[in-house]
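For the sequence shown, the UniProt record's numbering assigns the number 1 to the initial residue and increments by one for each residue that follows. A quick write-up on the structure given underneath.
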Amino acid sequence: MTTATAERQAARDAPALRTSGRLRRPSPYLVVGGLFWLVMSVAYWRVPMCCDFGQHAAVVERLKANLLHPAHPMADLPGAGSPYYSPYAVLQAVFARATGLAGRVVVKLAGPVNLLVLLVGVGRFVRVLTPRPWAPVAALGAMVLLWGTHPAWWSGYLGLLSMTGNLAYPSTFAIGLAFLAWAWAGSLAARPTAGSLWRYAGLGALCGLILLIHPITAVGAVTGVVAFAVTGVGAFASPCRGPWPSRSLEWRVPCGWAVTAVAAAAVAASWPYFGVFSLIGDHSVDAIHQRLYAQIPGKFWLAGIGLPALWLRWRRNHRDPLVLMFVLECAVVAYGWVSGHFTYGRILGLTLVPPQFALAVEVAAPRPWPRWRRGLASVAAVGACVGFLSVQAGAVVPRSLDPVGLRHPPSWPTYEWAARHIAPGDVVLTNGYRAVRSLPAYGPNLVAPAWPDPALDERERDRRRAAVRAYLAPTSTHAERTAIVRRYHVRWLLLGEGQRVPGEAVVVARNARTGEVLARVDGDGSPYSTYSTTSSTGMLPRVALE
Numbered sequence: 001m002t003t004a005t006a007e008r009q010a011a012r013d014a015p016a017l018r019t020s021g022r023l024r025r026p027s028p029y030l031v032v033g034g035l036f037w038l039v040m041s042v043a044y045w046r047v048p049m050c051c052d053f054g055q056h057a058a059v060v061e062r063l064k065a066n067l068l069h070p071a072h073p074m075a076d077l078p079g080a081g082s083p084y085y086s087p088y089a090v091l092q093a094v095f096a097r098a099t100g101l102a103g104r105v106v107v108k109l110a111g112p113v114n115l116l117v118l119l120v121g122v123g124r125f126v127r128v129l130t131p132r133p134w135a136p137v138a139a140l141g142a143m144v145l146l147w148g149t150h151p152a153w154w155s156g157y158l159g160l161l162s163m164t165g166n167l168a169y170p171s172t173f174a175i176g177l178a179f180l181a182w183a184w185a186g187s188l189a190a191r192p193t194a195g196s197l198w199r200y201a202g203l204g205a206l207c208g209l210i211l212l213i214h215p216i217t218a219v220g221a222v223t224g225v226v227a228f229a230v231t232g233v234g235a236f237a238s239p240c241r242g243p244w245p246s247r248s249l250e251w252r253v254p255c256g257w258a259v260t261a262v263a264a265a266a267v268a269a270s271w272p273y274f275g276v277f278s279l280i281g282d283h284s285v286d287a288i289h290q291r292l293y294a295q296i297p298g299k300f301w302l303a304g305i306g307l308p309a310l311w312l313r314w315r316r317n318h319r320d321p322l323v324l325m326f327v328l329e330c331a332v333v334a335y336g337w338v339s340g341h342f343t344y345g346r347i348l349g350l351t352l353v354p355p356q357f358a359l360a361v362e363v364a365a366p367r368p369w370p371r372w373r374r375g376l377a378s379v380a381a382v383g384a385c386v387g388f389l390s391v392q393a394g395a396v397v398p399r400s401l402d403p404v405g406l407r408h409p410p411s412w413p414t415y416e417w418a419a420r421h422i423a424p425g426d427v428v429l430t431n432g433y434r435a436v437r438s439l440p441a442y443g444p445n446l447v448a449p450a451w452p453d454p455a456l457d458e459r460e461r462d463r464r465r466a467a468v469r470a471y472l473a474p475t476s477t478h479a480e481r482t483a484i485v486r487r488y489h490v491r492w493l494l495l496g497e498g499q500r501v502p503g504e505a506v507v508v509a510r511n512a513r514t515g516e517v518l519a520r521v522d523g524d525g526s527p528y529s530t531y532s533t534t535s536s537t538g539m540l541p542r543v544a545l546e
């Protein structure tokens, strides 16, 4: 009997902790997790829309307008085959249609919900590893603090700072489901004789759902399930009878995991909006993700504090699921680097979970502690303080109360000042970094979307980006600009400070904070008087200062 199994049996045999003879005391994780949910939700809510938020809000807007045949999330094009139209996004769109809320509001509201799913998943997963009551609390602390001293800001990264920006993203929801899948797989591996075919099939359906919601997170989720499957297949020692056709545990367990794989593939293949398996080998987003492999030591070195705990688990059991999970995830990350398929680097955040959680299990052991465990706990506490003060503190400390200049989440400007003039579906030509990522959340389309999407051939997106550059070039002629306006049905220009407003455009609004200008153009290229975005005089009629 392993240490974890013995502890679990003792926990089942121990009397329930009660107050007044009736009510069970709340667990430490319920109290600490509840406080964390509240504080983190407030910290997340005060961060303005930035980064990928506009893309996900645009997805909900397009589904809200046409649930069965949504347009491309960011362009005036069909959206068939776009992996952004996942079950998660469809559910958000149904909620938006039922309530009448804007897509960006629905996405914002999803943040606390996703955090709740994540916290439940963490708690369930740690309970599979150990019954120690403080282990989930320690795991939560390690997960959000033990990263590195260089900011790691990316979708799917679970450091405090990164979470303030990505709680509303599908990746966070998918990671929460991944923890639940690992807990499910762990329970099947621990008690293979208690698992019916339906339980294995249910786990497969959950994995298929994760694959549809966020395919790259599903890679990390599946590696964890495979680690527990290897543990479960190696756990049986003797035949047994059960409700399945096979009377041997030797056949029952492998067949159960095969059912899991078949159920996952069936659920994933049945989704009508896009073919998830067509994404295999797709390199369209690899260039974007190459930066994930930069400065890896600085971003993640604090998680290395958990490696001794992971090594101890391997010493105790060479089939330990956390160890196998870590090895498999490292192999996936390495494959991404060697193959040039850098998108696989997206699971770097999940790769930290095994050492972080192995450390949490060790420091949650009951006292008295041996000397080595006291030393490990001391190093972990120092590491958590270093991680909090160097990177993560800015997530929960407002800028106005910051005494030392901490790192804070991005503070992007809103584009409501421009969106109020633009009708939903109108095409806007812009190359502003923030504008192309935020403006579609309000309903407009772009000439050139910011992100690759299988629904739009990458060669066509490159042509559109070239057209935007050609239009905004100082040497462009009126005829060249008119041809671009007609080809892409451009109605609006959103120009940054210092960019020239062409003579055929009329300025409608200007943002005093950013210096950006919104100008209207007609499809026939009718000329208007010229206005410079850097000028403080010569405003045309109908100009509204925002």
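Ideal Cβ placement from N, Cα and C applies to all residues, glycine included.
In whole angstroms, what separates the C-alpha of residue i from that of residue j?
i	j	result
Val332	Ala519	47 angstroms
Ser155	Gly503	41 angstroms
Thr475	Arg500	11 angstroms
Pro410	Ala168	15 angstroms
Ala358	Phe125	12 angstroms
residue 547	Pro370	Outside the shown range of the chain, which is 1 to 546, sits residue 547, and nothing can be said about it.
Arg62	Pro83	13 angstroms
Pro354	Leu38	26 angstroms
Ala96	Pro454	25 angstroms
Ala221	Gly202	15 angstroms
Trp271	Leu212	8 angstroms
His72	Ala80	8 angstroms
Arg291	Pro440	25 angstroms
Ala380	Arg315	21 angstroms
Leu67	Val276	19 angstroms
Ser41	Leu206	26 angstroms
Lys64	Tyr88	13 angstroms
Comparing alpha-carbon positions, which option in the options lies nearest residue i?
i	options	result
Tyr433	Cys51, Gly121 and His150	Cys51
Thr217	Val327, Gly176, Val485 and Trp198	Gly176
Met163	Ala269, Ala258, Val222 and Val396	Val396
Gly165	Cys255, Ala266 and Met49	Met49
Asp457	Leu77, Val42 and Ala58	Leu77
Ala152	Pro444, Leu348, Tyr200 and Pro398	Leu348
Ser196	Gly256, Ile210, Leu145 and Met143	Gly256
Gly204	Arg252, Pro254, Ala258 and Ala189	Ala258
His478	His283, Ala505 and Gly496	Ala505
Ala334	His318, Arg367, Trp372 and Tyr293	Tyr293
Within its chain, find whatever has a CB closer than 8 angstroms to the CB of residue i; leave out the 5 residues flanking it on each side and keep chain order.
i	result
Trp147	Tyr157, Gly159, Lys299, Phe300, Leu302, Ala303, Leu352, Gly387, Val391 and Gln392
Cys330	Thr351
Pro15	Confidence at Pro15 is low in this model, with a pLDDT of 41, below 50, so the placement of that residue is unreliable and no value is reported for it.
With a threshold of 6 angstroms on Cβ separation, who are the neighbours of residue i within its own chain once the five nearest residues in sequence on each side are excluded?
i	result
Gln92	Val60 and Val106
Arg491	Asp426 and Val427
Glu460	none
Ala364	Arg132, Trp134, Ala135 and Ala138
Pro321	Ala227, Phe228 and Thr231
Ala110	Ala168
Phe179	Gly121, Val122 and Phe125
Ala435	Leu494
Arg464	Val447 and Ala448
Gly443	Glu61 and Pro424
His408	Gly394 and Arg399
Using the beta-carbon count (16 or more within 10 Å), is residue i buried or exposed?
i	result
Ile288	exposed
Gly54	buried
Glu516	buried
Tyr273	buried
Cys385	exposed
Tyr29	buried
residue 547	Because the chain here runs from 1 to 546, residue 547 falls outside it and cannot be looked at.
Gly375	exposed
Pro449	buried
Arg481	buried
Pro70	buried
Glu497	exposed
Arg191	exposed
Val382	exposed
Less than 7 angstroms between C-beta atoms, sequence neighbours within five positions excluded: which residues of the same chain meet that for residue i?
i	result
His214	Pro170, Ser171 and Ala174
Leu328	Thr223, Val226 and Ala227
Under 7 angstroms from any heavy atom of the ligand ADP, does the C-beta of residue i make it?
i	result
Trp153	As for the ligand ADP, it is missing from this structure, which has no ligand bound.
Can you confirm whether the stretch 461-479 touches the stretch 508-522 when touching is taken to mean that 3 or more C-beta pairs between the two stretches lie within less than 8 angstroms?
no
Would you call the stretch 180-191 and the stretch 134-151 in contact, with 3 or more CB pairs under 8 angstroms?
no
Are the stretch 310-320 and the stretch 116-126 in contact at 8 angstroms, needing three or more beta carbon pairs?
no
Stretch-stretch touch, CB-based, cutoff 8 angstroms, three pairs: the stretch 98-115 with the stretch 482-490:
no
Count the CB pairs spanning the stretch 249-267 and the stretch 334-354 that are closer than 8 angstroms, and state whether there are at least three.
no
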